[in-house]
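Engineer: Residue numbers (my numbering), protein chains in the order written: chain R, 1 to 370; chain W, 1001 to 1372; chain X, 2001 to 2091.
Think of the CB as a built atom: it goes at the ideal place given N, C-alpha and C, for glycine as much as any other residue.
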Amino acid sequence: MRSVPQLRTPQSRGGIVSLTEKPAPPDLLPRIHFRDSQIEMAHGAGGKASRRLVEGLFAPLLFGTFPQPLSDAARVTVGDVQVAITTDSFVVSPLIFPGGSIGELAINGTVNDLAVSGAKPEAVVVTFVLEAGLPTGFLEAEVRAMARAAERAGVRVVGGDTKVVEHGKADRMYVTTSGIGSPLHGVNIDPHSVRIGDRVILSGPIGDHGITILLARGDLDIETDLRSDTRSVFPLIEAMAREAAPGIRWMRDPTRGGVATSLNELTRDCGLAIHLDEDEIPIRDSVRGACELLGLDPLHIANEGQFLAVVSPELSTRALNALQQVPGGHEARIIGEMREHPPAAVLIKTRYGGSRIVDMLVGDPLPRIC
Amino acid sequence: MKFVDEFRDAKMINKTAEEIRRLADSGRHYRIMEVCGGHTHAIYRFGLKDILPENIELIHGPGCPVCVLPMGRIDDGLSLANDPMVIFAAFGDMMRVPGRQGSPLEHKARGMDVRVVYSPSDALKLARANPDRHVMFFAIGFETTSPSTALTLIRAKAEGIRNFSVFCNHVTIIPAIRAILDSPDMRLDAFIGPGHVSTVIGCRPYEWIARDQRKPIVISGFEPLDILQSIVMILRQLRAGEAKVELQYKRVVPWEGNRAALQALADVFQLRPYFEWRGLGFISQSALRIRDAYAEWDSEQRFGIPGVRVIDPKAAQCGEVLKGVLKPAQCKLFGTECTPEHPVGALMVSSEGSCAAYHNYEHRKAAAGLSV
Amino acid sequence: MCLAIPGKIVEILGASGSLATVEVSGVRRKVDLGLLQDDMPQPGDWVLIHVGFAMSKISEQDALDQMNTLRMLGETEQAMQEVRGYGLEEN
Chain R
1 MRSVPQLRTP QSRGGIVSLT EKPAPPDLLP RIHFRDSQIE MAHGAGGKAS RRLVEGLFAP
61 LLFGTFPQPL SDAARVTVGD VQVAITTDSF VVSPLIFPGG SIGELAINGT VNDLAVSGAK
121 PEAVVVTFVL EAGLPTGFLE AEVRAMARAA ERAGVRVVGG DTKVVEHGKA DRMYVTTSGI
181 GSPLHGVNID PHSVRIGDRV ILSGPIGDHG ITILLARGDL DIETDLRSDT RSVFPLIEAM
241 AREAAPGIRW MRDPTRGGVA TSLNELTRDC GLAIHLDEDE IPIRDSVRGA CELLGLDPLH
301 IANEGQFLAV VSPELSTRAL NALQQVPGGH EARIIGEMRE HPPAAVLIKT RYGGSRIVDM
361 LVGDPLPRIC
Chain W
1001 MKFVDEFRDA KMINKTAEEI RRLADSGRHY RIMEVCGGHT HAIYRFGLKD ILPENIELIH
1061 GPGCPVCVLP MGRIDDGLSL ANDPMVIFAA FGDMMRVPGR QGSPLEHKAR GMDVRVVYSP
1121 SDALKLARAN PDRHVMFFAI GFETTSPSTA LTLIRAKAEG IRNFSVFCNH VTIIPAIRAI
1181 LDSPDMRLDA FIGPGHVSTV IGCRPYEWIA RDQRKPIVIS GFEPLDILQS IVMILRQLRA
1241 GEAKVELQYK RVVPWEGNRA ALQALADVFQ LRPYFEWRGL GFISQSALRI RDAYAEWDSE
1301 QRFGIPGVRV IDPKAAQCGE VLKGVLKPAQ CKLFGTECTP EHPVGALMVS SEGSCAAYHN
1361 YEHRKAAAGL SV
Chain X
2001 MCLAIPGKIV EILGASGSLA TVEVSGVRRK VDLGLLQDDM PQPGDWVLIH VGFAMSKISE
2061 QDALDQMNTL RMLGETEQAM QEVRGYGLEE N
């Protein structure tokens, strides 16, 4: 009899969990190693605090006692078919902002999690938690937006659930989407397969979404023409996979916590370093201006329509060219490279030879005046 | 970005770095203090230590208004806001600074109405928009920031906006520099002076440093070329055996300062007889309080505060790091008990505090032998 | 205390003229000109912005002078070496 729960985070030990085996009962109670006494906003921000919660509490209790690399989507075998599965929830405020709304984020977010795990998004289910008093017109507009986003992304919405809570118990509307996808042929995402010399590719300009949301809240009284970059990145990934599948080691969509968080997660999983070239990182003027004004680092700002990929040096040029041919991929760049030192860290370098470590934030980025 | 990108030009930076290497006497070890936390942040952000020769050591000074704020003042501010009527407004820099029962953000998670503002005038706007609430603005900053608070109070009074008050923790830079130079462990060759504070106070207030202490001080801008050029100017003075106040940041700083800003300060504030600086102890005439003419807009006079004094744990060596006597990594708590996630001292909370800057941007580089 | 950014005055607002719209790289924000009342900036001028207040006017001329000075770094020394080569110095 096995002494630990059988259900592990997929992506370990060959990566597949079989749903036909029954888990053996544990005779060792897993221990959590999460020391915070209460949940804070930082725990949902996608940075270090979030990671502590997931690794320290959820993983030992739900995924088994051995630490595993956490990924965007899990692989599960059903019968003899492998399926990618993921879930994501959306509590963004404001619900509507330039370039999109919560409904679109909900569809594209799950579609993108599947895409960066190397799978073609097939179907999505949606859960609504609605606040009593929410105007129907509002809900209708969001659902229409979701339908449009699903159609654009080529994914079917096949079901869902609805709950209504009392006025004041939800910020008008919370949405959760869960999706399944079929693995792309020849694509194997594994942070342990990353090697020194592999190139880091970024699909397009950073910071559009996070800055748009921050400014749309209205507290900072700043105006721009910026819009959220929310979109499905699957067409880009599909094109890249067609040309360079064997060379793709790892992918991620840099949502909350930004490029810095995603790349730091990779370095922690593989133990290598990433050296980024500051000049190569695409960024719009107005994102840069807003970040300078508010003292924010664009690398920490959320994106909803971009992805990062680590590709072997032999295939990185082909991968990049493939991306740049796709509509919406023309701003893709190679932004850096995997190196040996400093271990498990991300370094960014300027053209004149200066460098600094780029770390994960503790919580959400905050404007500063000092 | 105009007036920014030109001063980040790689070719010019390399050229200026070359001049620094030419001017620095290889037989000499230079200790130059940058007073202002904004310079500390810029030095790390632009990786300037990587292009300076090894014999130029940059020491981080105490010009970080979040770092020098005693924990008791945070507790006082939060206690004032512990009322459903009150909106607690502060700059983003303050949001994660721990009080004894947590930081403002943690209080927000527990139900306190806490708002991040970019400007004191945004806090006043909140008051106008919420006539049935009281907005308390937690003001911090050196002379760069205090005139803006002053103008905001002048406007609040002129408009008769009664549901607004300021909890004033503004401090002044000269006493901090004096405390550094009075410290017996200190050995410094020169100062990189605070460029933005100087837009208000001008360059005259630093003359005693050159005249009495015989140390060069160059008032510097914040872009890489500004800081490097200031180091060139310092090295030239040292080579020539000179000690004077020089202005590098000419495009922005008026030598005589900003009269209108100084007037606003004088109208609204007066110096406290003394004020506690975290890590440095009590310093006389070093902080501002709101004048009686504006008593109704002074949170302290209007509401009475507990006056909490919190003693920092002995093991935390914030004072020595603030004075530049110790490097962040030399503090026993650095990186173990005291990290950006669980800060013990304020130098680890503010992004321009030397410990946070060093931890976030640098120390893993040093460990991997990638920097001096 | 030190985060201040250059921005261009785009429009002066209101009757009192103490508020302006300032633009930084396509980003706009209202900025209080109250600290510059001794020498009010006009649309097109560049100012240094800190916490929503204009602290100082930025002098384009001084910026150009600074770049020129930096460009001449090393050249002054070269010129001096050449002069020394002529043996025209007194000692």
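State the beta-bridge partners of Lys1965 (chain X) as determined by DSSP.
Structural biologist: The requested residue 1965 (chain X) does not occur in the structure, where chain X is confined to residues 2001 to 2091.
Engineer: Below 8 Å CB to CB, which residues in the same chain sit around Ala1017 (chain W) once its five sequence neighbours on both sides are set aside?
Structural biologist: The residue you call residue 1017 (chain W) lines up with position 17 of the second sequence. Ile1051, Leu1052, Leu1228.
Engineer: May I ask you to verify whether the stretch 303-316 of chain R touches the stretch 1324-1343 of chain W, counting CB pairs closer than 8 Å and requiring at least 3?
Structural biologist: No, because fewer than three Cβ pairs between the stretch 303-316 of chain R and the stretch 1324-1343 of chain W fall closer than 8 Å, the two stretches do not touch.
Engineer: Specify, as a first and last residue, the run of the beta strand (DSSP E) that Trp1255 (chain W) falls within.
Structural biologist: Taking the second sequence and counting its residues from 1, the one referred to as residue 1255 (chain W) is at position 255. Premise fails: Trp1255 (chain W) is in no beta strand (DSSP E) and is neither H nor E.
Engineer: Tell me the DSSP secondary structure of Gly2017 (chain X) in three-state form.
Structural biologist: Indexing the third sequence from 1 puts residue 2017 (chain X) at position 17. Reduced to three states, the DSSP call for Gly2017 (chain X) is coil.
Engineer: Which parts of the stretch 1096-1136 of chain W are runs of the beta strand (DSSP E), unbroken and 3 residues or longer, counting only runs that do not cross its ends?
Structural biologist: Listed in chain order, the complete beta strand (DSSP E) runs (minimum 3 residues) inside the stretch 1096-1136 of chain W are 1114-1116.
Engineer: For Thr2069 (chain X), which residues does DSSP report across the bridge?
Structural biologist: Here residue 2069 (chain X) refers to the residue found at position 69 when the third sequence is read from its first residue. Answer by DSSP bridge pairing: none, since Thr2069 (chain X) is not bridged.
Engineer: Quick one: which residues of the stretch 2006-2032 of chain X get their C-beta closer than 9 Å to a C-beta of chain R? List them in chain order.
Structural biologist: Under the 9 Å Cβ criterion, the stretch 2006-2032 of chain X contributes Gly2007, Thr2021, Glu2023, Val2024, Ser2025, Gly2026, Val2027, Arg2028, Arg2029, Lys2030.
Engineer: Suppose you measure from the CA of Ile1305 (chain W) to the CA of Asn1169 (chain W); what does that come to, to the nearest Å?
Structural biologist: Translated into the one-based positions of the second sequence, residue 1305 (chain W) becomes position 305. Translated into the one-based positions of the second sequence, residue 1169 (chain W) becomes position 169. Near 13 Å, if we compare the C-alpha coordinates of Asn1169 (chain W) and Ile1305 (chain W).
Engineer: So, at 7 Å on beta carbons, what are the nonlocal neighbours of Tyr1030 (chain W) in its own chain, with the 5 sequence-adjacent residues on each side left out?
Structural biologist: Indexing the second sequence from 1 puts residue 1030 (chain W) at position 30. Ala1024, Asn1055, Ile1056, Glu1057, Asp1189, listed in sequence order.
Engineer: Any beta-carbon of chain X closer than 7 Å to the one on Cys1036 (chain W)?
Structural biologist: Working through the second sequence from its first residue, we reach residue 1036 (chain W) at position 36. Chain X contact via Cβ: present.
Engineer: Can you list, in chain order, the residues of its chain with a C-beta nearer than 7 Å to that of Gly1094 (chain W)? Leave out the 5 residues immediately preceding and following it.
Structural biologist: Counting from 1 along the second sequence, the entry for residue 1094 (chain W) is found at position 94. The residue you asked about is not Gly; residue 1094 (chain W) is Met in the sequence shown. Contacts found: Val1066, Pro1104, Phe1138, Ile1140.
Engineer: Helix, strand or coil for Asp1009 (chain W) per DSSP?
Structural biologist: The count along the second sequence starts at 1 and reaches residue 1009 (chain W) at position 9. It is coil, neither helix nor strand.
Engineer: State yes or no: is the beta carbon of Thr224 (chain R) nearer than 7 Å to at least one beta carbon in chain X?
Structural biologist: Residue 224 (chain R) sits at position 224 when you count from the first residue of the first sequence. Closer than 7 Å to some Cβ of chain X, the Cβ of Thr224 (chain R) qualifies, so yes.
Engineer: Report the option in X:Met2072, X:Gln2037, X:Leu2070 whose CA atom is closest to the CA atom of Gln1263 (chain W).
Structural biologist: Here residue 1263 (chain W) corresponds to residue number 263 of the second sequence, with the count starting at 1. Of the listed residues, the one whose Cα sits closest to Gln1263 (chain W) is X:Gln2037.
Engineer: Cβ of Leu2064 (chain X) less than 7 Å from any chain R Cβ?
Structural biologist: For the purposes of this step, residue 2064 (chain X) is taken as residue 64 along the third sequence, with counting starting at 1. Closer than 7 Å: no.
Engineer: Anything in chain R within Cβ reach of Leu2003 (chain X), meaning under 7 Å, just list it in chain order.
Structural biologist: Residue mapping note: residue 2003 (chain X) aligns to position 3 of the third sequence, counting from 1. Residues of chain R passing the Cβ test: Gly295, Arg368, Ile369, Cys370.
Engineer: Quick one: any contact between the stretch 1197-1217 of chain W and the stretch 353-370 of chain R, if contact means 3 or more CB pairs under 8 Å?
Structural biologist: Output reads no: the stretch 353-370 of chain R does not touch the stretch 1197-1217 of chain W.
Engineer: Which partner residues of Tyr1294 (chain W) appear in the DSSP bridge assignment?
Structural biologist: For the purposes of this step, residue 1294 (chain W) is taken as the residue at position 294 of the second sequence. Answer by DSSP bridge pairing: none, since Tyr1294 (chain W) is not bridged.
Engineer: Of all the CB atoms in chain W, is at least one closer than 7 Å to the CB of Thr2052 (chain X)?
Structural biologist: The count along the third sequence starts at 1 and reaches residue 2052 (chain X) at position 52. It should be pointed out that residue 2052 (chain X) corresponds to Gly in this sequence rather than to Thr. So yes, Gly2052 (chain X) belongs to the interface.
Engineer: Note down, in chain order, all residues in the stretch 273-303 of chain R with a beta-carbon under 7 Å from any beta-carbon belonging to chain X.
Structural biologist: Listed in sequence order: Asp285, Ser286, Arg288, Gly289, Ala290, Glu292, Leu293, Gly295.
Engineer: Indicate whether at least one CB of chain X lies closer than 7 Å to the CB of Pro1147 (chain W).
Structural biologist: Locating residue 1147 (chain W) in the second sequence gives position 147, counting from the first residue. Yes, its Cβ sits closer than 7 Å to a Cβ of chain X.
Engineer: How would you label Asp198 (chain R), buried or exposed, when you count the other beta carbons within 10 angstroms and need 16 or more for buried?
Structural biologist: In the first sequence, the residue the question calls residue 198 (chain R) occupies position 198. That one is buried.
Engineer: With H, G and I counted as helix, E and B as strand and the rest as coil, what does DSSP make of Phe234 (chain R)?
Structural biologist: Mapped onto the first sequence, residue 234 (chain R) falls at position 234. Residue state, collapsed to three classes: helix.
Engineer: Look at Arg1272 (chain W) and Ala1261 (chain W) and say whether their C-beta atoms are less than 7 Å apart.
Structural biologist: Working through the second sequence from its first residue, we reach residue 1272 (chain W) at position 272. Working through the second sequence from its first residue, we reach residue 1261 (chain W) at position 261. The answer is no: Cβ separation not under 7 Å.
Engineer: Per DSSP, Glu142 (chain R) is paired with what?
Structural biologist: As a first step, residue 142 (chain R) must be located in the first sequence, where it is residue number 142. Glu142 (chain R) is not bridged to any residue.
Engineer: Name, please, each residue of chain X whose Cβ falls closer than 9 Å to the Cβ of Asp72 (chain R).
Structural biologist: As a first step, residue 72 (chain R) must be located in the first sequence, where it is residue number 72. None at all; the shortest Cβ gap to chain X is about 32 Å.
Engineer: Taking the beta strand (DSSP E) that Thr86 (chain R) falls in, what are its first and last residues?
Structural biologist: The count along the first sequence starts at 1 and reaches residue 86 (chain R) at position 86. 81-90 is the extent of the beta strand (DSSP E) around Thr86 (chain R).
Engineer: Please check if any C-beta of chain X sits within less than 7 Å of the C-beta of Thr984 (chain W).
Structural biologist: Here chain W comprises residues numbered 1001 to 1372, so residue 984 (chain W) is not present and cannot be evaluated.
Engineer: Is the stretch 1316-1328 of chain W in contact with the stretch 1337-1352 of chain W, if contact means three or more CB pairs nearer than 8 Å?
Structural biologist: Contact between the stretch 1316-1328 of chain W and the stretch 1337-1352 of chain W is present, because at least three Cβ pairs lie under 8 Å.
Engineer: Residues in the same chain with beta-carbon distance under 7 Å from Glu1337 (chain W), minus the five sequence neighbours each way, listed in chain order, please.
Structural biologist: For the purposes of this step, residue 1337 (chain W) is taken as the residue at position 337 of the second sequence. Hits under 7 Å: Val1344.
Engineer: Would you mind sorting Ile39 (chain R) into buried or exposed? The rule is 16 or more other CB atoms within 10 Å of its CB.
Structural biologist: Translated into positions along the first sequence, residue 39 (chain R) becomes position 39. The residue is exposed, with fewer than 16 neighbouring Cβ atoms inside 10 Å.
Engineer: Assign His185 (chain R) to one of three DSSP states: helix, strand, or coil.
Structural biologist: Taking the first residue of the first sequence as 1, we reach residue 185 (chain R) at position 185. Coil, per DSSP.
Engineer: Measure the alpha-carbon distance for Val92 (chain R) versus Gln1101 (chain W) and round it to whole angstroms.
Structural biologist: The count along the first sequence starts at 1 and reaches residue 92 (chain R) at position 92. The count along the second sequence starts at 1 and reaches residue 1101 (chain W) at position 101. Computed Cα separation, rounded: 28 Å.
Engineer: Considering only C-alpha positions, which residue in the set R:His330, R:Val78, R:Ala322 is nearest to Ala245 (chain R)?
Structural biologist: Within the first sequence, residue 245 (chain R) is the residue found at index 245, counting from 1. For the residues R:His330, R:Val78, R:Ala322, the minimum Cα distance to Ala245 (chain R) belongs to R:Ala322.
Engineer: Keeping to the same chain, check which residues put their C-beta closer than 6 Å to that of Ala1293 (chain W); ignore five residues upstream and five downstream.
Structural biologist: Here residue 1293 (chain W) refers to the residue found at position 293 of the second sequence. No residues qualify anywhere along the chain.
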